[in-house]
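Colleague: Got a structure here, written out as structure tokens. Questions coming.
Protein chains: 2
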Amino acid sequence: MDKLTVIKIGGQVIDNASDLKQFLSSFKALTGHKILVHGGGKKATELSKKLGIEPKMIDGRRITDGDTLEVVTMVYGGLINKNIVAQLQARGENAIGLSGADGNLIPATKRVHPTIDFGFVGDFEVANINTTLLQSLLAQDITPVCCALTHDNRGTMLNTNADSLAAGLAQSMADQFKTELVYCFEKSGVLIDVNDESSLLKELSFDAYQQLKGNGKIVDGMIPKLDNAFQTHEKGVGVTIKNALQLNETTGTQLI
Amino acid sequence: MDKLTVIKIGGQVIDNASDLKQFLSSFKALTGHKILVHGGGKKATELSKKLGIEPKMIDGRRITDGDTLEVVTMVYGGLINKNIVAQLQARGENAIGLSGADGNLIPATKRVHPTIDFGFVGDFEVANINTTLLQSLLAQDITPVCCALTHDNRGTMLNTNADSLAAGLAQSMADQFKTELVYCFEKSGVLIDVNDESSLLKELSFDAYQQLKGNGKIVDGMIPKLDNAFQTHEKGVGVTIKNALQLNETTGTQLI
């Protein structure tokens, strides 16, 4: 089977122009088929603020109202996506920007929750991902660059978690390619002490994860990230969590 | 040869949600391969105003400075493009949004002018359009939806005239498909008296166009539009200029 690496980058590397350039050069240097998934970064928050759109939170959860959906569609689907695609083209990497609406890549449904209306937030089934489109692009040596937007098949875009989207894409391709998922962020990997980079776990098993979560050593945003990661690992996908600026180095936390 | 229709819509139909819905339903109903090219609309101007970006003009020509490039990348490449793609998906039309950077569809160069620096404005050569990508998508029954952005192959997006882009796409495909170009706008077609819809010219030859231009009957924005149109017609492409809300009717001005 051919090799496929699905790499997700988050806000920090996107917000810093020189970090992004460094990352994209490393991305270009990777061999084999690739898919890049990007999150948002500060730009959407900044634009919302400039436009006087107040961030809406319910029970500490961010709500995507209509105005916010416009902002994320502009920033994720337009500004960030096209900026990354143009910079990859400049490096000789033939990239194509995709939202989940493009080519019906990721049909989703508006989230239903018993008490919270999250607004225009989409959840998707891995089985519904349009792998035919991805395979066709990869066969033409075109690298998909996916923003974290899906659509409801009724004409509306939906905001979707970028970690889940990357995990879903990797899972959907796992029977066609020898697939790896790499979650890139600003830390070296999974740390026992979030303020101490030397506390990096080079390997992490599901049992160890459960224990660390129980002890309160792994908290906050790392929990949904690792839930997505282990779910993907279970499907036979190799998963690494590492620093975005060490993409080509053998570093980070490898799930075992 | 298979039939291909390249349709360009402008701002007016994009700005009006119900007109856009009507247009997209007519677009879906068209048979054969299709490519949709869309312009901007008021949204970019509105967003610029809200962000305090002053429109820059030199000698009556609009300049695309860095801030404006960000706005058009967000609005054309993100908001409008994804909105159209999602609405076409809802109608069962498998659309894919593309800028000129995506799949290296339209490499361009920053405009050089002896006296005016137009900023981030791109001009392209028809011969450089990536027809392989378009052919591959059309063969998969995927309909490209192109926004009027190109890229300089050095990492920067460029603002490009939507009429020229549609004309270029039609010309580039003319030897592979029986190609038609349809310029849609808010008028019935080319009018002798711009305020009188009954003065519609059902047919227009290049000689008649030159005469009407000489007489001052055809002025302003119609001149570059018709220059693009006749240049495309010369390449064996059928060209019609018509009302966006009469897409499926035999109306408008046919170039002869």
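In order, the protein sequence lines correspond to chains A and B. Residue numbers for the first sequence follow the working numbering, beginning at 6 and rising by one. Residue numbers for the second sequence follow the working numbering, beginning at 6 and rising by one. C-beta atoms are modelled at their ideal positions from N, C-alpha and C, and glycine is treated no differently.
Chain B beta carbons: is any one of them nearer than 8 angstroms to that of MET178/A?
Modeller: no
Colleague: Within the chosen definition, does the segment 117-134 of chain B reach the segment 119-127 of chain A through at least 3 CB pairs nearer than 8 angstroms?
Modeller: no
Colleague: I need the straight-line Cα distance from THR148/A to LEU41/A, nearest angstrom please.
Modeller: 8 angstroms
Colleague: Anything in the segment 61-89 of chain A with a Cβ closer than 8 angstroms to a Cβ of chain B? List those residues in chain order, please.
Modeller: GLU75, THR78, MET79, VAL80, TYR81, GLY82, GLY83, LEU84, ASN86, LYS87 and ASN88
Colleague: Go through its chain and collect everything with a Cβ distance to LYS47/A's Cβ below 6 angstroms, but skip five positions before and after it.
Modeller: Excluding sequence neighbours, LYS47/A sits near ASP20.
Colleague: Is GLN17/A close to chain B, meaning its C-beta is less than 8 angstroms from at least one C-beta of that chain?
Modeller: no
Colleague: Would you tell me roughly how many angstroms separate the C-alpha atoms of ALA171/A and VAL131/A, rounded to the nearest one?
Modeller: 11 angstroms
Colleague: Taking the Cβ atom as the reference point for each residue, do ILE101/A and ASP64/B lie within a distance shorter than 8 angstroms?
Modeller: no
Colleague: The beta strand (DSSP E) with ALA100/A in it runs from where to where?
Modeller: 100-103
Colleague: Work out the CA separation of GLY173/B and LEU260/A for me, nearest whole Å.
Modeller: 50 angstroms
Colleague: Curious, which full-length alpha helix (DSSP H) runs of at least 4 residues does the segment 40-73 of chain B contain?
Modeller: 47-55
Colleague: Using DSSP bridges, identify the partner residues of HIS238/A.
Modeller: Partner(s): none; HIS238/A has no beta bridge.
Colleague: Does DSSP put LYS218/B in a helix, a strand or coil?
Modeller: DSSP, reduced to helix, strand and coil, places LYS218/B within a helical segment of the structure shown.
Colleague: Would you kindly check if the distance between the Cβ of ALA175/A and the Cβ of ALA153/A is under 8 angstroms?
Modeller: no
Colleague: According to the neighbour-count rule (16 or more other Cβ atoms, all chains shown, within 10 Å of its Cβ), is MET6/B buried or exposed?
Modeller: exposed
Colleague: Counting pairs of beta carbons, one from the segment 248-257 of chain A and one from the segment 26-42 of chain A, are three or more of them closer than 8 angstroms?
Modeller: yes
Colleague: Taking one C-beta from the segment 133-149 of chain A and one from the segment 206-225 of chain A each time, how about it: are there three or more such pairs within less than 8 angstroms?
Modeller: no
Colleague: Can you list, in chain order, the residues of its chain whose CB lies under 6 angstroms from that of SER104/B, leaving out five sequence neighbours each side?
Modeller: GLY82, CYS152 and LEU154
Colleague: Does ALA106/A come within less than 8 angstroms of chain B when only Cβ atoms are used?
Modeller: yes
Colleague: To the nearest angstrom, report how far apart ILE14/B and PHE190/B are at their CA atoms.
Modeller: 6 angstroms
Colleague: In angstroms with no decimal places, state the Cα-to-Cα distance between ALA234/B and LEU56/A.
Modeller: 39 angstroms
Colleague: Using only alpha-carbon positions, find the residue among LYS222/B, ARG67/B and SER177/B that is nearest to ASP201/B.
Modeller: LYS222/B
Colleague: Among PRO229/B, LEU206/B, MET227/B and SER169/B, which one has its Cα closest to the Cα of ILE12/B?
Modeller: SER169/B
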